[in-house]
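Visitor:
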Ligand SMILES: NC(=O)c1ccc[n+]([C@@H]2O[C@H](COP(=O)([O-])OP(=O)(O)OC[C@H]3O[C@@H](n4cnc5c(N)ncnc54)[C@H](O)[C@@H]3O)[C@@H](O)[C@H]2O)c1
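Numbering (this note's numbering), first residue to last: 24 to 383.
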């Protein structure tokens with residue numbers, strides 16, 4: 024047997040045991056292992072923590088894993104067993120996806136995460152009012168947010184739990200972190216639905232439809248028809264040019280389908296999670312890759328059409344540091360009235376919460 028043949032032989036038991044225990048691992052060529060490492064090009068952390076791994080949190084974790092953008096995903100849930108089960112299931116997808124360290128953890132494990140996404144909460148009980156539900160979820164946030172902020176004072180917090188605008192405001196107050204690093208998924212999903220419904224009507228790729236839903240993620244949300252466009256063409260001229268109807272009835276139908284989509288989905292399958300997970304993924308990508316992407320997310324708004332000190336959605340430039348700029352759209356008088364009304368609805372809920380938190 025020549026020397027090279029000897030090298031090709033599988034090592035025997037003794038040979039293995041004689042190997043030094045502290046061998047340096049050889050870095051293979053090609054894609055570097057991302058597991059437990061920060062972004063290999065920029066050195067920035069790409070760990071993501073998810074608090075609340077029900078349908079939304081776990082679907083987001085799965086989307087994140089398939090994207091390959093995160094080096095580490097930590098799953099935290101009141102139901103730790105559930106988090107463990109999700110981590111195990113996701114880990115078994117790693118060989119089909121990207122090297123990623125996924126584990127069930129505690130709040131302390133949020134340390135060093137670039138982003139913590141909060142999707143924890145409870146659903147509405149039969150007969151429960153919306154306000155009672157808000158109070159229960161705000162109480163849950165009082166347990167979660169200070170622990171996340173304490174473990175990870177440098178990170179970004181993204182809220183997905185509903186009612187997302189009120190809970191984003193609650194999170195901002197509880198976390199005591201800069202407003203640039205605390206925001207909610209807001210109307211990112213409603214905007215996606217609006218673009219999809221419009222794209223169906225206009226016969227173009229939804230990615231080529233530029234239109235936003237602003238204000239509350241909920242019943243008082245506002246479609247910004249006055250600025251909606253395809254290739255810079257406002258919808259009335261795009262439709263006139265292409266022989267597509269755009270009557271007030273058509274516009275009302277498209278908006279109603281957008282606003283009420285969640286009710287329609289929930290009545291059929293009980294919950295919505297794919298599209299919101301994709302939206303959370305888009306937020307994550309904009310931050311980790313410092314893309315300065317414009318997304319309609321919920322953040323603290325001050326001095327805008329008379330609106331002050333509420334969290335609601337406006338198109339927002341998102342990059343590595345979180346919110347870079349909130350775009351203060353020039354609205355039509357009707358849209359401005361709509362977004363003010365949305366802010367009033369949200370302020371009323373926040374006031375009712377504060378009355379409970381600070382009884383006279
Ligand atoms: N923002 C959006 O566009 C959007 C879209 C869809 C759903 N949502 C919201 O996302 C939230 C989650 O929805 P879901 O379908 O995943 O619900 P779910 O009931 O499947 O999951 C909620 C999870 O939160 C956990 N949890 C509860 N209390 C907790 C606590 N104190 N600490 C840690 N974890 C806790 C539960 O154990 C559960 O795993 C809901 O509020 C839902 O309305 C938001």
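Think of the CB as a built atom: it goes at the ideal place given N, C-alpha and C, for glycine as much as any other residue.
Just so it is clear, the structure is predicted and the values come from calculations on it, not from any experiment.
May I ask whether a heavy atom of ligand 1 can be found less than 8 Å away from the beta carbon of residue 212?
Guide: Position 189 of the chain shown, counting from 1, holds the residue named residue 212. Yes, the Cβ of residue 212 comes within 8 Å of a heavy atom of ligand 1.
Visitor: Consult DSSP for residue 259 and reduce its assignment to one of helix, strand or coil.
Guide: One-based indexing of the chain shown puts residue 259 at position 236. Of the three classes helix, strand and coil, the one that applies to residue 259 here is helix, per DSSP.
Visitor: To the nearest angstrom, how far is the alpha carbon of residue 344 from that of residue 356?
Guide: Walking along the chain shown from the start, residue 344 turns up at place 321. Walking along the chain shown from the start, residue 356 turns up at place 333. Their backbone Cα atoms lie some 33 Å apart in a straight line.
Visitor: Rank 242, 229, 260 and 274 by C-alpha distance to the C-alpha of residue 286 and give the top, closest one.
Guide: Taking the chain shown and counting its residues from 1, the one referred to as residue 286 is at position 263. Here the closest residue by C-alpha is 242.
Visitor: Is residue 348 helix, strand or coil when you go by DSSP?
Guide: In the chain shown, the residue the question calls residue 348 occupies position 325. Correct three-state label for residue 348: strand.
Visitor: State yes or no: is the C-beta of residue 90 nearer than 8 Å to some heavy atom of ligand 1?
Guide: Taking the first residue of the chain shown as position 1, residue 90 is located at position 67. Because no heavy atom of ligand 1 lies under 8 Å away, the Cβ of residue 90 does not count as near it: no.
Visitor: Check whether the Cβ atoms of residue 179 and residue 74 sit closer than 9 Å, and answer yes or no.
Guide: Position 156 of the chain shown, counting from 1, holds the residue named residue 179. Position 51 of the chain shown, counting from 1, holds the residue named residue 74. For residue 179 and residue 74, no; Cβs fall outside 9 Å.
Visitor: Just to confirm the assignment, what range does the alpha helix (DSSP H) spanning residue 298 have?
Guide: Along the chain shown, read from residue 1 onward, the residue named residue 298 stands at position 275. Residues 297-311.
Visitor: In three-state terms, what does DSSP make of residue 336?
Guide: Translated into the one-based positions of the chain shown, residue 336 becomes position 313. The answer is strand: DSSP assigns residue 336 an E or B state.
Visitor: Pick helix, strand or coil for residue 233, following the three-state DSSP scheme.
Guide: Mapped onto the chain shown, residue 233 falls at position 210. Three-state result, residue 233: strand.
Visitor: Is it buried or exposed for residue 368, if we count other Cβ within 10 angstroms and need 16 for buried?
Guide: The residue labelled residue 368 in the question sits at position 345 within the chain shown. Flag for residue 368 reads buried.
Visitor: Can you tell which of 324, 229, 281 and 280 has its C-alpha closest to the C-alpha of residue 346?
Guide: To locate residue 346, count along the chain shown from 1; it is residue 323. Comparing Cα-Cα distances from residue 346 to each of 324, 229, 281 and 280, the minimum goes to 324.
Visitor: On a Cα-Cα basis, can you pick out the residue from 112, 328 and 221 that is closest to residue 274?
Guide: To locate residue 274, count along the chain shown from 1; it is residue 251. Cα-wise, what sits closest to residue 274 is 221.
Visitor: Leaving out five residues on either side along the sequence, give the residues of the same chain with a beta carbon under 8 Å from the beta carbon of residue 176.
Guide: Here residue 176 is taken as the residue at index 153 of the chain shown, counted from 1. If we look at residue 176 and ignore the five residues flanking it on each side, its Cβ neighbours are 200.
Visitor: Please return the same chain residues whose Cβ sits closer than 7 Å to the Cβ of residue 299, not counting the five positions on each side in sequence.
Guide: Locating residue 299 in the chain shown gives position 276, where the first residue counts as 1. Same-chain partners within the cutoff: 79, 183, 208 and 212.
Visitor: Based on DSSP bridge pairs, tell me the residues matched to residue 81.
Guide: For the purposes of this step, residue 81 is taken as the residue at position 58 of the chain shown. Answer by DSSP bridge pairing: none, since residue 81 is not bridged.
Visitor: What is the C-beta distance between residue 246 and residue 278, in whole angstroms, given that I count them as a contact (C-beta under 8 Å)?
Guide: Along the chain shown, one-based indexing puts residue 246 at 223. Along the chain shown, one-based indexing puts residue 278 at 255. So it is a contact: roughly 5 Å between Cβ atoms.
Visitor: Closer than 8 Å by C-beta to residue 120: which residues in its own chain qualify, once you throw out the five before and the five after it? Chain order, please.
Guide: Looking up residue 120 in the chain shown gives position 97. Closer than 8 Å at the Cβ level, and outside the excluded window around residue 120, lie 88, 89 and 91.
Visitor: Less than 9 Å separating the beta-carbons of residue 237 and residue 169?
Guide: Your numbering for residue 237 matches position 214 in the chain shown. Your numbering for residue 169 matches position 146 in the chain shown. Going by C-beta atoms, residue 237 is not nearer than 9 Å to residue 169.
Visitor: Could you say if the region 250-265 and the region 222-235 meet the contact criterion of at least three C-beta pairs nearer than 8 Å?
Guide: Result yes; three or more Cβ-Cβ pairs closer than 8 Å.
Visitor: Using a Cβ-Cβ cut-off of 7 Å (strictly less than) and excluding sequence neighbours within five positions of residue 159, which residues of its own chain qualify?
Guide: On the chain shown, position 136 is the one that residue 159 refers to. Excluding sequence neighbours, residue 159 sits near 145.
Visitor: Is the Cβ-Cβ distance between residue 334 and residue 117 less than 9 Å?
Guide: Sequence index remark: in the chain shown, residue 334 carries index 311 (1-based). Sequence index remark: in the chain shown, residue 117 carries index 94 (1-based). For residue 334 and residue 117, no; Cβs fall outside 9 Å.
Visitor: Select from 165, 269, 331 and 110 the residue whose C-alpha is nearest the C-alpha of residue 95.
Guide: Stepping through the chain shown from its first residue, residue 95 is reached at position 72. Of 165, 269, 331 and 110, the residue nearest in Cα terms is 110.
Visitor: Please report the distance separating the alpha-carbon of residue 376 from that of residue 165.
Guide: For the purposes of this step, residue 376 is taken as the residue at position 353 of the chain shown. For the purposes of this step, residue 165 is taken as the residue at position 142 of the chain shown. If I take the Cα positions, the gap works out to 12 Å.
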